[in-house]
Every structure is written in structure tokens, then in C-alpha cells.
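Residue numbers (my numbering), protein chains in the order written: chain A, 1 to 307; chain B, 1001 to 1542; chain C, 2001 to 2321.
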Amino acid sequence: MGHYVIRRLLQMIPVFIGSTFLIFFMVYALGDPVAALFGDRAPDPAVAAQIRKDLYLDHPLGAQYVHYMSQVFAGNFGTAFNGQAVTALMGSAFPVTLRLTLVAIVFEAVIGIMLGVVSGLRRGRTVDTSVLLLTLIVVSVPTFVSGYVLQYLFGVKWELVNPSVSFAAPIDQLILPGLVLALVSLAYVTRLTRTSIAENARADYVRTAIAKGLPRGRVIRRHLLRNSLIPVVTFIGTDIGALMGGAIVTERIFNIHGVGYQLYQGILRQNSPTVVGFVTILVIVFLMANLLVDLLYALLDPRIRYA
Amino acid sequence: MRGFGRVACAACAVMGVVVAAVGCGGGAGIGGPGIVRASWGDPQNPLEPANTNEVQGGKVLDMIFRGLKKYDPRTGATNNWIADSITSSDQQNFTVKLKPGWKFSNGEPVTAHSFVDAWNYGALVTDKQLNAPFFSYIDGYDQVHPASGVPTARAMSGLRIKDNRTFTVRLSQKFSTWPDTLGYSAFYPLPRVFFTDHSGWLKKPVGNGPYKITSYTRGAVMSLRTWDGYHGPDAVRNKGVDLVVYTDNNTAYTDLQAGNLDLVDDIPVTQLKNVDKDLGGRYINEPAGVIQTITFPMYDAKWGGATMDKVRRGISMAIDRAAITAKIFQNTRTPATDWTSPVLGAKGGYLAGLCGDACTYNPAMAKSLIQQGGGLPGGRMTIGYNADAGSHKEWVDAVCNSINNALGNGTACLGAPVGTFADFRRQITAKTETQPFRSGWQMDYPLIQDFLQPLYYTDGSSNDAHFSNADFDKLVDRANSESHPALAVTDFQNAEKILAQQMPAIPLWYQHGSAGYSSNISNVMLNQFSVPVYNEIAVRSP
Amino acid sequence: MPDSHHPEKSSESIAPTGSGGAMGLATSEAETLEREPAPGRPRSLWSDAWRDLRRNPVFIISTLIILFLITIAIWPKLIASGNPLACDITKSQDGAAPGHPFGFDIQGCDVYTRTVYGARASVTVGVCATGGAALLGSVLGGLAGYFGGWWDALLSRISDVFFGIPIVLGGLVFLSVVTNTTVWPVIGFIVLLGWPQIGRIARGAVITAKQNDYVQAARALGASGPRILLRHIAPNAIAPVIVVATIALGTYIALEATLSFLGVGLRPPTVSWGIDISSASIQIRNAPHMLLWPAGALSLTVLAFIMLGEAIRDALDPRLR
């Protein structure tokens, strides 16, 4: 297992190089970022040329990438267009987003698995149908609407929470945004759990366990749930990306200056240091998350072994 | 089945580590007695006066700086502020005299040097200031700001310091209303510390205005407090302003409703139907110096052709401006009937109805004019817009529907979104946009010249249409050399009548500034740039 | 007793255990259907499944809904006489009126007509993008899970990089070069971004399924790799893929709207539920009826496919026999 982990960690190196180049190339393909700096006014050619020179934008793509990477290895991730260091931007955005993601995953895992187990054990009953209806609503109502409506109800109408999150973004302020962010994933987790549970409820070992006279709760928790969790765990692992980098709408609605927001700004302004820096960190997060998921497989199903 | 317990433990351990790593932030409090809590957006550029070309950075500069001139937020008049007098006998050589007693908030006096050094900094190409072209009327600009290559001088020869409170300016051409441009933020003075400790200054800018910055957390909040040493004529009626950065104006509006914010100066259009109910009259909707237009690519043979003026006018007449401003914008736009803005006032050159029939909705006439001109090029047109900011999609689609209804063809006009503003601008600058596109102009200073010369004068700095008309240019030149403002205005309006004939850009509507505020504050007002007049806001004592 | 996981022994009928007995959404009828006696030679799993499906009311209902959606996608005029592009701004956001049962949207277009006409683009995007992503994802993910080792490392790391590409950036780069108004670039892009997730799910399911005794047994008996994958692993690993794909169908239809919102997706004169949902979203406080109908149509589509997926999954699950 140790070897396996080391091998997986070593695989990060090519992924790191590949993804930085890919993203660098994509931002480059977006076009010239300098034109936008001048607003609706035609750019002053002399100033534009000077800015391009200072940002190393007057070199070919390959040279720009080498220059950027040499800076990164010297610990310099470059600057965003408002003059702020990208590392400072990452330092303020990632902790906030990590907290938000954590809240969302807890919601997703706890509520999703719970609803999934209940509806899986009671297929076709009222509770199952209600959960299905909730799923349909969550899938077809955009996050913008659910976010705005919940924000309005909880923040303005009932005055239970602050509608917006302060810059420090303590975890208690992130509960509502976390729920909104988790909604669509909740639908996936619920349906996945439900299906797995329904499938495994008929397996031999469950019947055996029941026949042995074990209490029902214990059978569900120890036997049924554990064997049903692999697809769910896999899904949550893949979802971390969507939650961390793709929370643009949720972060905007709740005024969270997180990764999704900064990344979106970076892309719109075509600021490659910001985008490449943020995405690189995100890719590392996915690699770690997927490694963790693969290790969890072995724990959930002892038959799975890693050499 | 001990394994499951192990999994649970592992999961708990991971969670624990993550929680510990990310920690929990403490709440940074904003507001306080006498403090206004106002919404803000992240400035896009470093907060240098000559480098700030958008409204969010401009807000701060207008609070911490005062310039030679200031525009009265009520009347729109241009008043001397730090300038004691600006005189000229030939509309080309100006003498600027400063009032005594002005200081920066670090104690340094405001002298002629403060202005001349700041302007030379702003113009020098290697300082890469976005607003450098504002200095281009000053003699010697070409030496410090050559179109290519290295500058041959570091200071403009047209600027001469006479004594501590006097300097002279020589322009490269006659420009009678030039002194009235000096209220713009690019012309603010700068203290020595700006040059000696530039990075320190950027973190916490020092100015000569009624407020000084006490703390600034990038991307989050800026605290401004009144500066006791300010003795300018405009009194400050509060103790300070906290500018809070919002990712979205809808969120700011929600926070205003919840009582966490006092002032939102950009109400989302979709909430305008609810402002009366939500805010009970604490809402302002006033015209600002912004006009929205649709610009034609006059450089394109299809659109710039000889008979195409009829088509362009016909398209303008096919747009039901009144219905669109009412339904899409909830009357926060006024249908445009000239190419300037009502904030200029009649004296300043605004003339309602100057555009005449060409800007009046008349679908039948529109259809026949377009047919007379040879029809839409290729039978169809698109209106280009950038999809990344503002709600351009709604009104572009509405304009196209209006044109389509007039022509009786459901797909004659279609909206053509471009992903990013940068790409949108690139296509326009590179002249690869061959179809009409949306355009907007926010005035830099309340002068009719600013609405016409940069946009429609041959090779003007923002002439995106690449419109070129010798008669128009001649009238603008004559206007700039008139010794009396009223004569200049008449010349400019005559030039504008050429636009009504040629229609290189369709005037759509004048934009309004809108703001909502809490019951904590009163005396809220927007100036002609749709920026709140912060120093006039009174805070209710708790 | 023979291993009941074995798909070949699927004719064995298991009585419902405990509370897990009821099946399907509406009824548990399928379960009560009489089983045909097993014929002499073992039937194939797939023909067994088809036999079950034809009798499953859940399958019949969902198929009817889907056929209905496809019909109006091809011939919207059958149930809508208006023109989705005929809009009168003076009726902006008005409620229901005679001849306009669902009211008007912000541009003053008829919401009912647009909802009907929107089916074509949205159903095409939803079905094709989901189909493409599910196919690509389950093939690549399945191979990675089955063979492991270098295959797995390569495919998984490639999908890691895809996960890292922000949708906004990818959309702006890949779609802004395409300026036509067809749905195919959009579908291609969604497949490109969607397959890694389904691939990861399929990989996990295959890793679990290949540990089963009957797979080891088949291997010991000398069954070929493709045969094991198709006949023994696929039916047991397909459930999570179906679940994720059916929900993804809905999110992909919504994703099309996100792309349109970014200015790189479908554009007028194409009409789609996604575009209408996103333009209705910002008006939610003023005119909720604008959201209700296109979102309702999207719900119905997702419901139909969830039901269909459920029925197929049940038919393929030998333990439900």
C-alpha cells in the first residue's frame, strides 16, 4: 500500500506539468488581455505595448510558459491585474472555499446518504416518491434561483442569518451557502445511495445477517451501508472539483470571495498567472481527493487490494 | 466489521485536519457611529489617479482627492476648487494660479509642483498609465509618449512652473474649454511620497481630499475617515465611509434590505419593480452622463457604403426605445434624442430632439427607408455585445425583436454575444467586427466636446466606428477655437446634426444612476457620473 | 445453493426481504408479475431483461413520455400554433391571457410556444450529451477499472486534468471559435467535460464488481476478457452509471444555459429550455411563471429518464428476479 501511495504521488509531476501547460495555453488562446484594461475606450497603443512588455506578453507562447514556470519555481506566482500578488489572492481565497466545500460535503454526505438509505429501504412508498420529487426540483431549478430564494427567506424575511458572508467567512456564516452549493450533488448522492441500498438489500449476506437474528439497525449500518457506499464515495470524490472551482454562482450570491469567484475574474480578465495558479492548486486537490477515494475502496471492500 | 469503524475514524481524522488547517476566521466589523456603510466593487487597476478609468476606483479617488476644478453635483457647473484662476488670451496658452492653504493629509502643501509632477508622471509612457491620452493636448506629449520607441523627454515642454502657486500650460492646439476638463481624476495633484515610496503609497494612498484611508483590505473593505485637516469649501456631514466589496449588486441590495448596509449605488434592474415596497421611497433614479449606442462598423464596405445612411437611419427608427426602456429597464433609461446627455443642461449643449425623426419610432417609415437604402447587407444583421458583464442580452434581444417586427422578419436581426469584454474590444479595435455592436460612453467631464470629439472626430481616441467626415471635423475644430462657450456649443450641435444625417452610431438611451439607502442615512444624492456624493450624506445618530 | 449474483442463474425468483420489497416508483406490480418457467437452455441476460422491461409499467410510462417529448421536438407545430420568435415587448412579463395559457416572458414572447419549441434543442442536448458522456465514460472508466495498472494511471490522470479545467475557461476557449447556432459543438463540449465524472463512477463500480466470486470463477473457467467484462461485470456495474447519467441529463440541459449565459452556447434564433430558464431566473421575484414552465418541462424529462433508468437497472439486476 505504501508503494502504491508513493507511485500515485509521483504521478502528480507529469499531471502538474501537463495541466499548467494546458491551462496556460487556453488562457493564451483567449486572446489579448490588454485591450480590456482600457474599458470602452480604444487602447493607447504605446501604453498597451509597454504593459505587454512588462507582463512578458510580447514573447511567443513557449517562451512565456518557460518564463512563467521559472518564476513559479522561484516561488513567484505573478500578479493579478489589480496589482495584487496571486499568492496573496490564493491565501485569501482557498481557506474560504475549503470551508465552504467542507460544509457542502458534510450536507451532501449526511443528508444525501440518510435520504438515500430511507428511500432505498422504502422503495415505492411515499417517502421514496417525495425524495424523487425533491430530486427533480433540485435538478431543474437553477442554483441562482434556489440560492436567491433561500437567501431572501432566511436573510431578509425571517432574519435568521446574514444574507451575505463577511470577508473572514467564519464557518457558521457558510452553512446556508454550503447547503445551496450542495443541493445538486445531494440529488446525485441520494439517488446513488438509494440504488445501491435497494440492490444490496437482497444480497445473501444481508439475508444471512438477518437470519442470524442481528438487530435491523446494525444490519443496515454494518452490512448494508458499508457495501453500498463505494459509488457514493466515488461520486463525492469527483464532486470536490465542481464544489471548489465551480461555485461561481453560489459565491457570487453570498458575496464569498473564494476560488470560484477569483478564478472567474481571472478568466474574464484573461490573467494567466491567476488562472494557472488557481487551477494548478485545484488539480493537486483532485489528485489527493482521488487517492483518498481509492484508499477508501480498500477499506470499504476488503477484497480490493492495492499492490 | 471493524473496517467500517476504521473508515469512519479515517474520515473523521481527515475532516479534523482540514478544519484545523483552514481554521475559523473572525468577523471584521464595519460601520460605527457616524459611519456610512456603502457598497463597492473591486477597483480593476492600482489606485493611481492617471491609471483609474473605471467608476469603482474613481469613487475612492474622488473622496481622497480634490483637483483644480470640481463639478457641482447639483447644477453640473464647473467651479474653481484648488485653482484660484485659469486664464488664457488665445485658447491655447493657459496660466493656472492656485489658492493658498491646501495640504495633503500627510501635511505636505499642495503646490504647482504637485500638479506638474503628477501630470508628467501620468503622461510618461513607461509609467503605463491608462489615462495618459488625457494629457495629449499638452505640448510636448509626443516626446514623453511616442507612439512607439522610447520617450525622448521625461517632462512635457508645455508645462512651466512660475512659482509655488503658479504654472503655465501650452496646448498643442486651441481648446477653449480645456480648463473645464480639469475636474477629471487624471488631473489630480500628487504628494512627494507617491514618487519616493510608490508601493507604500499604493497600499494606502495619500491625497488632499476630505477623507483619508485608514485601512484597506484588498478585495474586501476600505475604511475612509474624515480628515480633520481638510478645509475645502465642501463640508463633510459624516464621520467616514466604509466601502464594502460585493461580488454582485443583487447581494448588496439584499444586504441593504436586511439592514447590513446603508447605501447601494447600483440597484439591479430586476429589483426595480420592488424598490418602492422594499425601501419605501429611499431610492434615487437620476440621469447620469452615460449614453448607450449601437455603433456601425463604418470601415466595413457593406455598412459604410454610399446609400447605407438610409439603412442606418431606418434601423434607428425601427427601435421602440420607449417600450424597451419601460419594460426592460423599468424607466432607469430615458430614450435618447441626441448624442450627448441631459446632465449637460441646455447651456452645456444638450438639445432634446436634435436627432429628429431619425430617432423617433416609426416602423413603417423604417421599413421603407431600409428598402430604399438597399436593405440590410445580406438580408440580416447582428448586434455584437459582451456577455460577461451587465445584462446586455435582454436589451439587445429586445432591440432586435423591435427591428424584426418592423421588417416583418423574425430572424433579420439577432444578438451576437462575445464571451469576454477583452475579446469583444479586441474585435472592435482590430476592425474584425463587421456587424453593428453595442457601445456606451460615460463622460469624463461634463462637456459636449467629450461626447463628440473622442467618438466621431477622424481618428478620435475612441472612434470605434472609424467615422470620418470633413464637415464634422471642421465644425469641431471651429468649436474648440471659439472664445465664447455658447458659440462653441452651437458649433458642436451643428456637428451633431451631421451625425443625425449619417448615423454612424444610433443613440439608444441615456442611462440613469440609481441608488437605494437605509433609514440610517439621509441627504443622499448622485452626481452626474452616477457616483454618490459621499461627503453630503448625513448619518442619523443612534 | 448457487451464487445468486450469477447472472446466468437469473430465473431464480427471490421473495422480497424485509422492507426492501416494494419496487419502482408507482407500484410494485412488476414484482407480482408471474414468472415464466425457465426454458431448457439458459437465456441470455439481455433477452431476459428485455422480457422483463416490456411488462414493467414504469418502463411503459417513461417510454411514452419520452416518445411524446421526441415527437414535439420533431414536430412542435402539432401542439403549438404560434411562433416562438414573435414577441411583443409591450406584453413583457404579463400573466396568462386567452390563447397564451402560460403568459409572456420578459421580451413579450409566448411562454407556452417557447416551452414547446425549446424541446428540440434541450432534448437533443440532454440525450446526446448524456449518451456520449456515458458511453465514453463507461468504456474508458471500465477499462481503467478492469485492467488497472498503467491503463488506470493514464486514464485517471487524464481525467484529473479534465476535472481541473474550469467550465468557463473551457467554454470560452473551445466554443468561442464556433459561431454557428447548432447544438453539436455544445454537445461535444459537454461530453468532453462530462465523461471524467461518469468514467470515475464506472471505474469504481468495475473495481468492486470484478472482486465478485463469479467473475473469479468465470476467469478460472477460461472466459475471455471481453466476455467477462460484457456478460459478468457490466450488468453488475451499470447501476451507478445509470443513476448518475439520468441526473446528469438534467444538469447538462441546465449547463447548456450556463454556456449560453457566458455567450458561447446556443444563441437566438435557437430556442431552448436552458436559455429560457436562465433568463427567467433573474426575474424570479417579478414573474415566477416565466420559470415554472420551462423548468417544469425539464423536470418531466428528467423524471422520464430516471424512471427509464430505474426500469432498465431493475431488469438487469438478477437479484430482483
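For each residue, glycine too, the CB sits at the ideal point set by N, CA and C.
Same chain only: Cβ atoms within 6 Å of residue 1335 of chain B, ignoring 5 sequence neighbours per side: 1321, 1322, 1325 and 1509
Closer than 8 Å at the beta carbon, the chain B residues around residue 24 of chain A: Near residue 24 of chain A there are no residues of chain B at all, since even the closest Cβ is about 17 Å away, more than 8 Å.
Distance between beta carbons of residue 286 of chain A and residue 240 of chain A, contact taken as under 8 Å: 7 Å
Neighbourhood of residue 1541 of chain B by C-beta distance below 8 Å, restricted to the same chain and skipping five residues each side: 1033 and 1034
Closer than 7 Å: residue 1364 of chain B CB and nearest the ligand PLP heavy atom: Within the structure as shown, the ligand PLP is missing, as the structure has no ligands at all.
CB contact check: residue 251 of chain A to chain C, cutoff 8 Å: no
Listed by chain order, chain B residues near residue 2283 of chain C by CB distance under 7 Å: 1270
Residues of its chain near residue 2306 of chain C, where Cβ-Cβ distance is below 7 Å and the 5 sequence neighbours each way are ignored: 2246
Local Cβ density within 10 Å of residue 1512 of chain B, reported as buried at 16 or more and exposed below that: buried
Short CB-CB distance (under 8 Å) between residue 1528 of chain B and chain A: no
Collapsed DSSP secondary structure at residue 1174 of chain B in the structure displayed: coil
Buried or exposed (CB count within 10 angstroms, at least 16 for buried), residue 2110 of chain C: buried
Distance between residue 2 of chain A and residue 1017 of chain B (C-alpha atoms, nearest Å): Only weak support exists for where residue 1017 of chain B lies, its pLDDT of 48 falling under 50; the value from the coordinates is given anyway. Roughly 21 Å between the two C-alpha positions.
Any chain C beta carbon closer than 8 Å to residue 1539 of chain B: no
Close Cβ partners of residue 305 of chain A (< 8 Å) along its chain, the five nearest in sequence each way excluded: 298
Identified DSSP bridge partners for residue 1163 of chain B: B:1166
Within 7 Å of chain B by C-beta, residues of the stretch 77 to 90 of chain A in sequence order: 81, 82, 83 and 84
Proximity test, Cβ basis, 8 Å: residue 40 of chain A and chain C: no
Cutoff 8 Å: residue 2312 of chain C Cβ touching any chain B Cβ: no
Meets three-Cβ-pair contact criterion under 8 Å: the stretch 2118 to 2135 of chain C and the stretch 2182 to 2197 of chain C: yes
8 Å Cβ cutoff, residue 68 of chain A in contact with chain C: no
Alpha helix (DSSP H) runs contained entirely in the stretch 11 to 94 of chain A, provided each spans 4 or more residues: 12 to 30, 45 to 54 and 61 to 73
Backbone CA spacing between residue 1041 of chain B and residue 1246 of chain B [nearest angstrom]: 6 Å
Residue 1437 of chain B - DSSP class collapsed to helix/strand/coil: strand
Residue 255 of chain A at chain B interface by Cβ criterion, 8 Å: yes
Meets three-Cβ-pair contact criterion under 8 Å: the stretch 1136 to 1150 of chain B and the stretch 1194 to 1203 of chain B: no
Among B:1166, B:1173, B:1107 and B:1103, the one whose alpha carbon lies nearest that of residue 1135 of chain B: B:1173
Chain A contacts from the stretch 1109 to 1125 of chain B (Cβ-Cβ distance under 9 Å): 1125
Closer than 8 Å to chain F by CB, residue 156 of chain A: Among the protein chains of the structure shown, namely A, B and C, there is no chain F.
Residues of its chain near residue 1044 of chain B, where Cβ-Cβ distance is below 8 Å and the 5 sequence neighbours each way are ignored: 1054, 1056 and 1057
Start and end residues, alpha helix (DSSP H) containing residue 1507 of chain B: Run containing residue 1507 of chain B: none in the alpha helix (DSSP H); it sits in the beta strand (DSSP E), 1505 to 1517.
CA-to-CA distance, residue 1227 of chain B to residue 1520 of chain B, given in whole angstroms: 22 Å
Residue 1514 of chain B at chain C interface by Cβ criterion, 8 Å: no
Close-in-space but distant-in-sequence residues of the same chain around residue 1024 of chain B (CB under 8 Å, 5 per side omitted): Low local confidence applies: a pLDDT of 38 at residue 1024 of chain B is under 50, so the model's placement there is unreliable, with the coordinate-based value given in what follows. Contacts found: none.
Spatial distance of residue 968 of chain B from residue 98 of chain A (CA atoms): Chain B is shown only over 1001 to 1542; residue 968 of chain B falls outside these bounds and no answer can be derived.
Identity of the residues DSSP links to residue 2184 of chain C by a beta bridge: Residue 2184 of chain C pairs with nothing; no bridge assigned.
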